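All the letters of the sequence shown, read from the start, carry residue numbers 6 to 230 under this note's numbering.
Note that the Cβ used here is the ideal one computed from N, Cα and C, for glycine as well.
Model, not experiment: these values are computed from the prediction.
Comments concern the structure below.
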Amino acid sequence: MTTIPKEQVVTAFPTAGADDAGAEPPGAIRLSLSALGIDSRDADFPARFIEFCEQNDDYEMEINEAGDLVILPMVGLRGNRHETEMAVELGIWRRANGGVNLSQTSRFRLPSGALRGPDAAWVTQERYDAITERERETVFPGAPDFVVEIRSISDNLAPLQRKMRLWMDGGARLGWLIDPRQRRVYIYRIGQPEPEAMEDPEMLDGEDVLPGFSFAVRRHIFDLQ
6 MTTIPKEQVV
16 TAFPTAGADD
26 AGAEPPGAIR
36 LSLSALGIDS
46 RDADFPARFI
56 EFCEQNDDYE
66 MEINEAGDLV
76 ILPMVGLRGN
86 RHETEMAVEL
96 GIWRRANGGV
106 NLSQTSRFRL
116 PSGALRGPDA
126 AWVTQERYDA
136 ITERERETVF
146 PGAPDFVVEI
156 RSISDNLAPL
166 QRKMRLWMDG
176 GARLGWLIDP
186 RQRRVYIYRI
196 GQPEPEAMED
206 PEMLDGEDVL
216 PGFSFAVRRH
226 IFDLQ
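Written as structure tokens, this is what we have:
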């Protein structure tokens, strides 16, 4: 997600141990909110965070498990096209089958307290109807039912794998980690300790989480020019 050849996260303020930074991509910047007297677990923090993001919409930001603000590197043109293709196909399925699909600008508050954003996600209509109007305007409480992360040309794979594990540990039921560079997809399923690796698949199946959803990953991502 960045052209900056950095292997470690840049830390602008002292933060927790290195393991807490494991899901951040190369080139990300972490700011310790606790050093500024800000508690990311405050009840009103999600609303304040979204307002801050809207006021600084040139940047994509998350809150990690340590409570640090993470400023993420920009996605390149092709990476953005990959995300768009995924969003379009998921949106078409959602219109016929229900639920709510969300993009990379949405944020989910995981049980760990982190506020993370996926490349694409979907939640059931029942779960969406159960949240408050305030949450619909800000941050969804809990992990999505279905989540997608797509590796960009300069992403390291390991941080994305760790992020996928955070999604699954947070309650996601099905996840796809799509790696265009290796033409490989990792399928994460609830209750399955390790993902299934698929080599150069043509299609991906939404299984029992998204019945009838098929995504032509080879056409829409691997072979996209």
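Query: Write down every uninterrupted run of the alpha helix (DSSP H) in the segment 44-115 whose length is 4 residues or greater and which is fully enclosed by it, in chain order.; Result: 50-60, 82-102
Query: What's the call for PHE220, buried or exposed, on a 16-neighbour Cβ count within 10 Å?; Result: buried
Query: How would you label MET208, buried or exposed, when you count the other beta carbons within 10 angstroms and need 16 or more for buried?; Result: exposed
Query: Keeping to the same chain, check which residues put their C-beta closer than 6 Å to that of LEU77; ignore five residues upstream and five downstream.; Result: ALA33, GLU65
Query: Which same chain residues, not among the five before or five after ILE195, have their C-beta less than 6 Å away from its C-beta?; Result: ARG178
Query: In angstroms, rounded to a whole number, what distance separates the CA positions of LEU36 and VAL75?; Result: 6 Å
Query: Rounded to the nearest angstrom, what separates ARG188 and ARG170 at their Cα positions?; Result: 20 Å
Query: Is PHE151 helix, strand or coil by DSSP?; Result: strand
Query: What residue from SER157, PHE113, LEU115 has the CA that sits closest to GLU88's CA?; Result: SER157
Query: For ARG46, which residues in the same chain have their Cβ closer than 6 Å to its Cβ, ignoring the five residues on either side in sequence?; Result: GLY118
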